[in-house]
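Number of protein chains: 2
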Amino acid sequence: MTRDRATLPDESNVSTGRSKPPAAHAFVDKLNTFAPLEAADEERLRHACLQVRSYRKAQDLIREGDQPGPVFVILEGWACRYKILPNGNRQIIAFMMPGDFCDMHVGVLDEMDHNIETLTAARIATIQRPEMEALVEASPALIRVFWWTQLVEAAMLRATIVSLGRRNSLERVSHLLCELCFRLRNVDENGFDRYVMPFSQIVLADAVGLTPVHVNRVLRKLRQEGALELGGSSMTICNLSVLARIAGFDDNYLHRRLKS
Amino acid sequence: MTRDRATLPDESNVSTGRSKPPAAHAFVDKLNTFAPLEAADEERLRHACLQVRSYRKAQDLIREGDQPGPVFVILEGWACRYKILPNGNRQIIAFMMPGDFCDMHVGVLDEMDHNIETLTAARIATIQRPEMEALVEASPALIRVFWWTQLVEAAMLRATIVSLGRRNSLERVSHLLCELCFRLRNVDENGFDRYVMPFSQIVLADAVGLTPVHVNRVLRKLRQEGALELGGSSMTICNLSVLARIAGFDDNYLHRRLKS
DNA sequence: CGGGTGGTTGAATGAAATCAACTATGGTGG
DNA sequence: CCACCATAGTTGATTTCATTCAACCACCCG
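Chains as they are written, first to last, in my numbering: chain A, 293 to 552; chain B, 293 to 552.
Structure, rendered in structure tokens:
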């Protein structure tokens, strides 16, 4: 539960979900799934994401107290938002995967109130503030799309609150894994039967507010139910419907359709 | 923990925090605290909030599955967002008090993923979508202000996640009460020494993810510490610093200053 | 080969839930 | 006006779930 800040060598270069061609512009896929973008807007977006940086596993993107920086767009790999409590405990607040925009409008704030770090090796595009403003000025469709992104993010936070507040450990873990699987569908078109989660049980524990020991026991039970497989240092969901049943999962909050 | 949907007669017409003059436009106070608005914008805002409705206690404003409606601006009274789980448990996701805007941009979504209901009798202004768009078109300052509102709302959700995930019952209750007190400061200028919380222990329990019984015990302890007083059907925070110490409260996430 | 990290398991402990009374209060209807 | 009922708060006893503590394993990497 306590954690060290050292940036570890990236021993595992786990790729997301299932490997797909170059996957370089997952975010366009994602945005297209709910509101088709015109070619021009799509091009604008791609163009804005040309400045790419590679990160190792467990590297900070931004830390609490920092001035808000550019908008990040995850191209490959996973990251997470988290906070550390005075006693050293940490709580992971949200996961970010390919196709996710983050901190769309934090520019107006004085400083960050949480940290973001990579969970795997990652390639992440940065869009500077002025460029961002140019984007939204150029296209009302993009404004809508960005709003949608923000709103879904807020909805996921609310769902997390419900989980942490009122679900037991088994439901909690199941619900989180379900959400991650559903989100992978937005950007990963092949094979909806198996989803690999590129993080440790410790990370999972920090996300669901349990101890790693207990998460381990929960996972054992889920494995016995046939919901997932635990291979070495990663877990693979192989039966999403079992998971969904246990969690009582309803994907409405992911808002995969816009108002028609 | 299970709840009934009946709209009770509003026996208690508790007013917020401390009574203040007509309090009719708390939201302007609030927005002004962090980013002074020009007179013209202030007037635009006031004008947009002329359509006001009164609600009784425990009335729904909007329910899960509904089409997103207008933007709500709370003028008097409190409300909350919540979700009900299949087993009947409910989790309160956020509290809303005078000065709060809600659901700024939900217009783009297909349907609501949670409910909102009043916790006390309330007066609430509605701003229709077109009017909202006119507002942001008229003034860039208002856009900024609305973004700020959204960002702070998200930050509060994140803080809630941290609380539910990694704080024990005593810290959790204390942290929530702290947040509510600090938020009251934005809109309630007189007397920062006592804050009355206009909701039952049951409501508090649904917000912090505990049972009413246990919340009761926690409150007893807080009372013994001199942090609050339990009078009849409401509690009054009378020593915020004790509460803040117990919770390890840091108000940075409320972002009461904008980037200068 | 040794050390570090992550995973696994068992046993003891602890925090919060559950169950069950009982009180206080306010509202309602006779 | 009082009897009754519903809701909220309070307290104690018991149970359940998750934590803590303590090993131990497996693996990768230097």
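The C-beta atom is built at its ideal place from N, Cα and C for all residues, glycine as well.
Residue i to residue j span [Cα, whole Å]
i                  : j                  : result
Asp-480 of chain B : Ala-318 of chain B : 8 Å
Gln-383 of chain B : Pro-504 of chain B : 13 Å
Leu-329 of chain B : Pro-432 of chain B : 11 Å
Thr-441 of chain A : Asp-542 of chain B : 28 Å
Ile-376 of chain A : Ile-419 of chain B : 39 Å
Val-565 of chain B : Val-507 of chain B : This structure cannot speak to residue 565 of chain B, because chain B is shown only from 293 to 552.
Asp-392 of chain B : Val-320 of chain B : 10 Å
Trp-439 of chain A : Arg-336 of chain B : 23 Å
Ala-497 of chain A : Ala-386 of chain A : 13 Å
Tyr-374 of chain A : Gly-540 of chain B : 17 Å
Ser-526 of chain B : Val-454 of chain B : 26 Å
Leu-535 of chain B : Ala-536 of chain A : 39 Å
Arg-549 of chain A : Leu-502 of chain B : 34 Å
Lys-349 of chain B : Glu-471 of chain B : 22 Å
Pro-378 of chain B : Cys-473 of chain A : 21 Å
Gly-524 of chain A : Leu-522 of chain B : 53 Å
Ile-435 of chain A : Gly-361 of chain B : 20 Å
Cys-530 of chain B : Gln-351 of chain B : 29 Å
His-406 of chain A : Gly-357 of chain A : 8 Å
Thr-325 of chain A : Leu-511 of chain B : 48 Å
Leu-469 of chain A : His-467 of chain B : 28 Å
Met-489 of chain B : Met-489 of chain A : 43 Å
Continuous beta strand (DSSP E) stretch holding residue i: start and end
i                  : result
Asn-407 of chain B : 407 to 410
Ala-350 of chain A : No beta strand (DSSP E) contains Ala-350 of chain A, which DSSP labels as neither H nor E.
Ser-526 of chain A : 526 to 529
Arg-336 of chain A : That residue, Arg-336 of chain A, is in no beta strand (DSSP E); its alpha helix (DSSP H) goes 331 to 340.
Leu-520 of chain A : 520 to 523
Met-388 of chain A : 382 to 388
Met-489 of chain B : 487 to 489
Glu-368 of chain B : 363 to 368
Arg-548 of chain B : From DSSP, Arg-548 of chain B is part of no beta strand (DSSP E); its letter is neither H nor E.
Ala-371 of chain A : 371 to 376
Sub-9 Å separation of residue i and residue j beta-carbons
i                  : j                  : result
Ala-245 of chain A : Ile-538 of chain A : In the structure as shown, chain A begins at 293 and stops at 552. Residue 245 of chain A is therefore absent and cannot be evaluated.
Leu-514 of chain B : Leu-462 of chain B : yes
Ala-428 of chain B : Cys-394 of chain B : Here residue 428 of chain B turns out to be Val, not Ala, going by the sequence shown. Taking 9 Å as the Cβ cut-off, Val-428 of chain B and Cys-394 of chain B do not qualify as a contacting pair.
Arg-345 of chain A : Met-404 of chain A : no
Phe-484 of chain A : Leu-532 of chain A : yes
Val-363 of chain A : Met-396 of chain A : yes
Ala-417 of chain A : Leu-342 of chain A : yes
Ala-499 of chain A : Cys-372 of chain A : yes
Leu-456 of chain A : Gly-457 of chain B : yes
Val-437 of chain B : Ala-331 of chain B : no
Met-448 of chain B : Tyr-545 of chain B : yes
Ser-414 of chain A : Tyr-347 of chain A : Just to set this straight, residue 414 of chain A is Ala in the shown sequence, not Ser. Result yes, Cβ atoms of Ala-414 of chain A and Tyr-347 of chain A sit closer than 9 Å.
Pro-390 of chain A : Glu-368 of chain A : yes
Pro-323 of chain B : His-547 of chain A : Looking at the sequence itself, residue 323 of chain B is Leu, so the reference to Pro does not match. Their beta carbons are not under 9 Å apart, which means Leu-323 of chain B does not touch His-547 of chain A by this criterion.
Residue i burial status per 10 Å Cβ neighbour count (16 or more: buried)
i                  : result
Ala-430 of chain A : exposed
Arg-509 of chain A : exposed
His-339 of chain A : exposed
Pro-422 of chain B : exposed
Glu-409 of chain B : buried
Pro-314 of chain B : In this prediction, Pro-314 of chain B scores a pLDDT of 44, lower than 50, which makes its location untrustworthy; the coordinate-derived value is nonetheless stated afterwards. Exposed, because fewer than 16 other Cβ atoms sit within 10 Å of the Cβ of Pro-314 of chain B.
Thr-528 of chain A : exposed
Ile-516 of chain A : For clarity, residue 516 of chain A is Gln in the given sequence; the question names Ile instead. When all chains shown are included, Gln-516 of chain A counts as exposed.
Pro-301 of chain A : Annotation note: pLDDT 37 at Pro-301 of chain A (below 50); position unreliable, no value reported.
Asn-478 of chain B : buried
Asp-333 of chain A : buried
Leu-353 of chain B : buried
Arg-459 of chain B : buried
Gln-359 of chain A : exposed
Gly-399 of chain A : buried
Bounding residues of the alpha helix (DSSP H) (the contiguous stretch that carries residue i)
i                  : result
Ala-426 of chain B : 421 to 430
Phe-326 of chain B : 318 to 326
Ser-461 of chain B : 461 to 479
Val-534 of chain A : 532 to 539
Residue i: CB within 8 Å of a non-hydrogen atom of the ligand GTP
i                  : result
Met-389 of chain B : In terms of ligand content, the structure shown is empty, and the ligand GTP therefore cannot be addressed.
What alpha helix (DSSP H) runs, 4 residues minimum, are completely inside the stretch 492 to 517 of chain B?
If one requires a minimum length of 4 residues, the alpha helix (DSSP H) runs lying completely within the stretch 492 to 517 of chain B are 493 to 500, 504 to 516, in chain order.
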